[in-house]
Each structure stands twice: as C-alpha cells, then as structure tokens.
Ligand SMILES: Cc1cc2nc3c(=O)[nH]c(=O)nc-3n(C[C@H](O)[C@H](O)[C@H](O)COP(=O)(O)OP(=O)(O)OC[C@H]3O[C@@H](n4cnc5c(N)ncnc54)[C@H](O)[C@@H]3O)c2cc1C
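In the working numbering, the protein residues as written are 24 to 456.
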C-alpha cells in the first residue's frame, strides 16, 4: 500500500502545529490530525508563552498571533491561611519589544497556529481521535482511526500529556501515568474589563502581571501551587497539584481552586470578575529526564507527549518546549524524507537535535529540582513558618520588642518545624541544586 503523506502529525497543540508548519513550508505533504472539534478546543494552559521559538517558522508571530498581553512582572509568593508573603520581579527590558513572554489563551492561539499550518499547505483535519499507531513489526507506518489506516513513512506523535499513542513505546512502556510525577492543573477564567485589570495590577495597556504561589492552605501532605495571569480582558487562575498527594486524603481536586480563590489575597484580585471558562488537564513532567529515546522506526514524540514540561516552582514552561521539540522533529523528518529513509537510525537525528539544542540538558540538569519541589514540608509548613516570622518581625504590641531568636522559635512552633528538619531540608536543597 502506498503512503498518502510524507508525514502524519497527531495533535494540533503547539508541538503538532509547529511541526506541521515547518514541514509544509519545506514542501513536505503533511497530515495534521486533531481529536478536538477545532484545534485548541481541547487545550488548556496557565498560560504564559515564553521565548521566541515560533519565530523560526513565523517571524511575525508576535504581531499576528492572537496573544493576550506581554509579561512585565512576575510575583512569587507563599500563601498560608489568611496570610501571604510575596516578592515581585521586574525588569525594564521586559517592557520593551521583543517581549520575553506573553499571556495566551490556547483556544485562540492553537486555532491560529493550525490555520498557519493549513496556509502553508498542510492538510488539517479536526474531529479525528486517532486510536493508535499502525505498527508493521517494529516499524510505525502511520495511524489507525475508525478501522482505517492512514499511512506515512514518518509519524510525529504530539498528543499531549496523557499520550495514548506512545503506549508500548519506550516513552511510556506501561499504561500507568508516571507515578509521582503526574500533576493535575485546574483552571478558571474570569472576565474583567481591561481598564479594571490595568488599574488593579498597575499595568499599562497591553502589559501583563503574573503570579505563582506555593499553597500552604490545604491539609498537610497536599502539594499544590497556584497561578494567576492577566489576559486582555480576563484573568486566568488555577491550581496545579501533584496527583499522588491527594491519594487517601479528604481533599478533592475541585476543592482546590475554591479554597485558593477564597483566600483574601486572591479574592481581591478577581473581585467583580465573571466566571467564563473552567477546565482541568494533566501535566506529566519528569518523563523527559529519563534516559529514553524519543524516536523509533518511523516515529518521533514531541511536546508534552514526551514529557517536555519544565517546572522549577517559579515557572512552568511547556509551550516553548512543545514548539521547539515539534520543530526539531520536523527537521529530522525532513532529513529522513530527503534520504528516503525513515528508519530509527535516521530519525536518531531528532534525539541528536534535542541534545545539541540543549533541550535534554534542561531537563536532565534540573532533575534534582523535582526532588526539592516535592518535599511536602514546602507546602503547609514553610508557608506558615515564613508568614508567621514576617508577621512577628513587623508587629508592634506597645511593649518591648521580642528578640529575633524568640520570634524565630515562635514561628517554628506555629508551623511545627524543628531546627534539625529545617537544616536537613536546607542541606538537601544545596545538594540537589
Ligand atoms: C494548568 C496548566 C497550566 C500551564 N501553564 C503553562 C504556562 O504558563 N506556560 C507554559 O509554557 N506551559 C504551561 N503549561 C503546559 C503546557 O500547556 C503544555 O506543555 C503544552 O500545552 C504542550 O503542548 P503539546 O502540543 O505538546 O500538547 P497539547 O497542548 O496538550 O496538545 C495536544 C493535542 O493533541 C490532541 N490529541 C490528543 N490525543 C489525540 C488523539 N488520539 N488524536 C488526535 N488528537 C489528539 C489534543 O486534543 C491536543 O490538541 C500548563 C499546563 C497546564 C495543564
């Protein structure tokens, strides 16, 4: 049976569309399949798109893509019940083009990106939930949907975090999600007019403010972070939780955002807003740090499907890696097409590119960050300790001031943190970094 396309790409997220654009621009015949009724319909991000990876295929993307605002300030903080401790990072350069990052809403950006793939010549077909890869022995020859096989020498799998298509490949040998590494993002979007957003967050038109919070507002053991990003006329707000930290407890995913948005600090930020959208999505970080190959005979895996989501507690970056890995997969597919050779040996070019562009190093070198980040004491105990300490240092009771050591001990007692434990955590951090 002859091949209908040079390359089939599964998933019209950022990875799949970026790959399809590059392939079509280079003259390859490419089929981009998306299960959603429209590209973007099934996608969800916080979301801040960092960097300029899209410029490799769309030099004018900043002017043409429907982004929300450009980022000028990042707030990082700790939330304890009733209390918040935070600091802001600002850089004057962030206010000048080319901007470092933009807030985006995926329904808009992904539809636009898939449109760019189509304009470049790709065949984009939404409403197609690909069932599985079509295997002939150890070689992938296309995809199967509705009992029909669509064939191509190379298939790029970009079907996102809970990738069904990579099942049985070294990327995801078992159907179980990465035990400790799977996170769930729950997000809500509130409509608020642009002028109120700008006044509330001290922004000029077009500018965005973003917040990341370590959430010490849940029962001990629940490990979660919160985010709040300003869009053009909406605010995106949500919680990312380590799924395994909910096991066996009484806290449910749907309670998390409720508790987060009722915190007085967060409540003020969304006051007067109207809930217009909500959703939940898995994030599978941690996979990419494993020493697996991201290709085989006739196939490559890009974006979230391969676990390329970087998160160090201060930022979550997956969209930029999705674009970058999608583009590198496209380059390897083009080289295979030129050589009439879609074998694993030829597609190893993809892994070489992931190495030479620093993608693999980003994940491998920061693997220790995951171990630090998932210390349960950083959620609950440290936010309580830090807010108690700062509260103690700033108050005035009318009597003599308390000695710093006493304030420190009081904060430790309030948080239930012993000095030995704090020293051990500090040492662990230094070791892992
Ligand atoms: C709550 C939350 C907040 C986040 N915040 C940020 C942020 O601020 N910044 C950032 O950079 N990243 C963020 N991320 C991560 C980011 O969203 C992902 O890394 C990024 O979307 C990955 O892109 P992708 O193209 O690989 O996958 P996806 O965007 O998931 O796209 C996969 C596509 O494949 C389609 N698909 C799936 N299965 C099939 C199938 N069988 N057949 C056909 N199509 C299929 C899906 O419908 C989807 O369109 C966040 C994620 C979450 C959940």
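Backbone N, C-alpha and C fix where the C-beta goes; we use that ideal spot for every residue, glycine too.
Alpha carbon to alpha carbon, how far is residue j from residue i? Give it in angstroms, no decimals.
i           : j           : result
residue 460 : residue 48  : Beyond the ends of the chain as shown, which are 24 and 456, falls residue 460; an answer cannot be given.
residue 291 : residue 208 : 22 Å
residue 251 : residue 159 : 47 Å
residue 452 : residue 443 : 14 Å
residue 46  : residue 363 : 15 Å
residue 120 : residue 72  : 15 Å
residue 447 : residue 265 : 23 Å
residue 354 : residue 78  : 15 Å
residue 287 : residue 105 : 7 Å
residue 189 : residue 80  : 26 Å
residue 406 : residue 285 : 17 Å
residue 118 : residue 156 : 45 Å
residue 411 : residue 437 : 7 Å
residue 67  : residue 433 : 42 Å
residue 336 : residue 30  : 36 Å
residue 258 : residue 293 : 7 Å
residue 97  : residue 327 : 24 Å
residue 361 : residue 377 : 20 Å
Sort out for me which residues DSSP pairs residue i with in a bridge.
i           : result
residue 358 : Answer is none; residue 358 lacks a bridge partner.
residue 111 : 98
residue 334 : 339
residue 241 : BP columns for residue 241 are empty, so no partner.
residue 147 : 55
residue 249 : 236, 262
residue 126 : 71, 92
residue 103 : 106
residue 155 : 167
residue 388 : Its beta-bridge partners do not exist; DSSP assigns none.
residue 230 : 93
What residue from the options has the CA that sits closest to residue i's CA?
i           : options            : result
residue 387 : 359, 333, 214, 280 : 333
residue 321 : 301, 371, 269, 256 : 371
residue 220 : 364, 151, 85, 296  : 296
residue 90  : 445, 315, 228, 127 : 127
residue 110 : 235, 231, 82       : 235
residue 28  : 406, 173, 429, 272 : 173
residue 318 : 43, 283, 367, 359  : 367
residue 341 : 184, 51, 282, 101  : 184
residue 273 : 259, 247, 241, 300 : 241
residue 450 : 404, 395, 418      : 395
residue 271 : 326, 391, 244, 129 : 244
residue 218 : 227, 211, 212      : 227
residue 455 : 389, 435, 409      : 389
Could you tell me how far apart the beta carbons of residue i and residue j are, in whole angstroms, since I believe they sit closer than 8 Å?
i           : j           : result
residue 181 : residue 349 : 6 Å
residue 149 : residue 35  : 7 Å
residue 237 : residue 262 : Not confirmed; about 11 Å, so no contact.
residue 166 : residue 178 : 6 Å
residue 2   : residue 187 : There is no way to answer for residue 2, as the model of the chain reaches only from 24 to 456.
residue 347 : residue 324 : So it is not a contact: roughly 14 Å between Cβ atoms.
residue 26  : residue 176 : 6 Å
residue 345 : residue 38  : 4 Å
residue 425 : residue 414 : Not a contact, Cβ separation roughly 12 Å.
residue 137 : residue 55  : 7 Å
residue 125 : residue 230 : At roughly 11 Å, the Cβ-Cβ gap does not stay under 8 Å, so residue 125 and residue 230 are not in contact.
residue 145 : residue 33  : The Cβ separation is near 13 Å, so there is no contact.
residue 246 : residue 399 : 6 Å
residue 44  : residue 143 : 5 Å
Next item on the list: Counting only runs of 3+ residues fully inside the segment 24–51, write out the beta strand (DSSP E) ranges in chain order.
Entry: 30–33
Item checked: Whole runs of the beta strand (DSSP E) within the segment 257–326, excluding any shorter than 3 residues -> 257–265, 297–307, 322–324
Notebook entry, point to check: Which ranges does the alpha helix (DSSP H) cover as unbroken runs of at least 4 residues, wholly within the segment 158–223, from first to last along the chain?
Noted result: 217–223
Margin query: At 4 residues or longer, what runs of the alpha helix (DSSP H) sit wholly inside the segment 431–456?
Written below: 442–455
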